[in-house]
Amino acid sequence: MNLTEDHLKLSEVKSALSNHSKPTDGSTRVGYFVMSNFTANPIEPYLKYWHMNHARQTEIHFSDLDNPRLEIFDSNSELYSNKARDSILLINLDEWVPDFTKNKWNSNDIFEEYKSLLNRLIEKTHGQIFINSFIYNPFIENGFESAPHEMSIASKVLTLNSNLLTYIKPLKDRITLLDWNKYTSWLGFERTYDNRKWNLYRIPFTNEFYKQIASDIYFATHNKLGGMKKCVILDCDNTLWGGIIGEDGISDIKLDSETIPGRFFYQFQEQLVELNKRGILLSLCSKNNPDDVFDVLDKHPFCLLKREHFSAIKINWENKAQNILEIGRSLNLGLDSFIFIDDSNMECDLIRNEIPGIEVLQVPSSDRLYNLPHLLNQKPYFKSGSSSIEDTHRVQMYSDEFKRQDLKKNFTNIDEFIKTLKLKLTIRRNPLNQVPRIAQLTQKTNQFNFTSKRHSENTIADFISSTRTHVYTAEVEDKFGKYGITGVIVVETGDAKVGNVEIFLMSCRILGRKIELYFLNKVIHEIQKEFEIKHWRTEYIPSLKNQQLAEFWPRCGLTLQEIVNETKIYEGQFQIDLPKKPLLEVIYIDNDT
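Per the numbering used here, the very first residue in the sequence shown carries number 7; after that it's consecutive.
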């Protein structure tokens, strides 16, 4: 069951939660602190269940106060007992503004007060801040015309939202906007407000509305924790075009920009091309004759997708589950980062059963095919807090990787293979111009990430500006092309000549080439030379995705000292074993000099 679907009942969520045991060791912990001027507790079961599906332990605390102003401006409030958890600030404007229904208020004054709350949260907390856009009951103006005119309540609410959007635009790495106006446009008035519950329990909204709030919070957190979808795997017949190419031939399949149903497939392809431009990978997995499919891609006048759009192609008569597993291995991506789209009930059920974690979407039936162009708009699968040049070049990077994999098949000795790549590793210290990419890597990298801690652009900028922390990035290229910025190390140099490796992560795209060892070795050498470090300390926090790192620190000479709440603490002196003859070129650029 997918609990973000509209048919989901609250009773099903509560039943599933009551029958589920807590995640085992290695799970990710997610914490929220909720402040609101109404009862917001109905979001809790949805948030907990969706995170539970990804083995996350979720702690949700609700303020005892119904006035967020008091909670936020009290330095000793519970809000600040854990500054790292995310803050959720939900405001029902009808109750927030004095004399709201009498229209005796000024939108600029209300906004300035609200902005002071947000400024305080940004200053005093470190986690993400969720806020909502402002809505109001459209029938509150006492029977008078409610169309937006200069002095109407509707106009004032529009002004508030406009000011809010302007304010949060440069703060996207800290503030996530929950678009309540979008919810009301989906649900309508009757499915948004619940006057009975409001009068009885101070619950102004329906369960459907609360579920939408929880859904957007969940997806924003999920994506920050590396849960964004990175690749769409597509069937061909009755998915990219109407009909069966092996039976109908290229001239009779349904695909064009004008007639129905061909235009629905054409519009779907338009969306896929746009996603590909933004760095989302596309792959083909079709039971077909390859030449027939390639004829459509190469020759059909209305086929927007071409061979070069696809990072992996599996066109054969084999089991699709096995083909998808091979695609996952070739792209070196976790299967939970894939979306699979097919028209067949049987194939969709097969993938759901054989590959848990993959998102499976079925092409709408023929009588609802008009929904095909909107199939990928159901949820924010690809939403990201920030973007970088690596995002737009991702498709080319994976195309280059296939060339490397083909070359690798010719070698039995990994060092010999690495030498032929002619790798160049450029290490930069404190590169301010790379802050967005560094923050993005901390938010998206899971497999080679020792702590899985996520950091905002502001936090990374603070690391760089501090005299106690030193940020290093790894840029990699070889004879096939550039991998981009793929690694980050943050070292803290404190007192007593002790160095602390706070962050060490690498993109999975460059693993298996010993780049991580050369990167770490050079950073350690430079830090020891500048600060006379004699002793090192670092951590490993096990997760479901970084288990390959369990023995990494011991292999680098460090010794396990203690385990505190599942965090393994290592100390000692680094002894990194590198080949006598360098396998790659290392360039070091110190931006502090």
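From the three backbone atoms N, C-alpha and C, an ideal C-beta is built for every residue, glycine too.
About 5 Å separates the beta carbons of N138 and W186, which is inside the 8 Å limit, making them a contact pair.
Across the structure, L339 and L287 are spaced so that their CA atoms are roughly 11 Å apart. A distance below 8 Å separates the beta carbons of L589 and K425. Collapsing the DSSP output to three states places T265 in coil. Minimum Cα-Cα distance from D349 among the listed residues V401, G285, I250, L427 corresponds to I250. The alpha carbon of L431 has as its nearest neighbour, out of T190, G487, I94, the alpha carbon of G487.
L584 sits exposed, since fewer than 16 C-beta atoms from the chains shown fall within 10 Å of its C-beta. The stretch 123-140 makes contact with the stretch 181-195: 3 or more CB pairs, one atom from each, lie closer than 8 Å.
Shown here for G252: same chain residues with a beta carbon closer than 7 Å to its own, the five before and five after excluded, namely N294, N295, D298 in chain order.
Your pair F580 and G563 checks out as a contact, with CB atoms roughly 5 Å apart and the cut at 8 Å. Between F44 and S93 a beta carbon distance of about 17 Å is seen, past the 8 Å cut, so the two are scored as non-contacting. The alpha-carbon of I181 is positioned some 5 Å away from that of I135. Under the three-state reduction of DSSP output, C309 falls in the coil class, being neither helix nor strand. A direct Cα-to-Cα measurement between S42 and P176 gives close to 24 Å. Judged by DSSP secondary structure, A445 falls within the alpha helix (DSSP H) whose first and last residues are 441-450.
Per the Cβ contact rule, the stretch 437-444 is in contact with the stretch 471-491 (3 or more Cβ pairs under 8 Å). It is roughly 16 Å from the alpha-carbon of K535 to the alpha-carbon of I433. The beta carbon of C354 is closer than 7 Å to those of D348, V366, Q368 in its chain, skipping five residues each way along the sequence. Nearest Cα to V477 within the set A160, K485, E483, H461: H461.
Within 10 angstroms of the beta-carbon of R335 lie fewer than 16 other beta-carbons, which makes it exposed. Judged by pairs of C-beta atoms under 8 Å, the stretch 367-382 touches the stretch 266-282, as three or more such pairs exist. Here DSSP, grouped into helix, strand and coil, assigns T573 to strand. Here S292 is bridged, per DSSP, to I321. Around the C-beta of W56, 16 or more other C-beta atoms lie within 10 Å, and the residue is accordingly described as buried. If you ignore the 5 residues before and after Y86, its C-beta comes within less than 8 Å of the C-beta of K130, T131, all in its own chain and listed in chain order.
S292 is the residue among F117, S343, E77, S292 whose C-alpha sits nearest the C-alpha of Q328. For the pair W247 and L261, the CB atoms are nearer than the 8 Å cut-off. Per the coordinates, the alpha-carbon of E50 lies some 8 Å from the alpha-carbon of A220. Here K320 is buried. Its C-beta has 16 or more other C-beta atoms within 10 Å. Contact between I533 and V497 holds: their C-beta atoms lie close to 5 Å from each other, under 8 Å. In this structure, DSSP gives L382 a helical state, which the three-state scheme calls helix. When Cβ pairs closer than 8 Å are counted between the two stretches, the stretch 522-530 is seen not to touch the stretch 462-474, the count staying below three.
Rounded to whole angstroms, S289 and G37 show a C-alpha spacing of 35 Å. By the 16-neighbour rule on beta-carbons within 10 angstroms, H541 is exposed. Rounded to the nearest angstrom, the gap between the Cα atoms of L206 and V19 is 23 Å. Here T165 carries a helix assignment [DSSP, helix/strand/coil].
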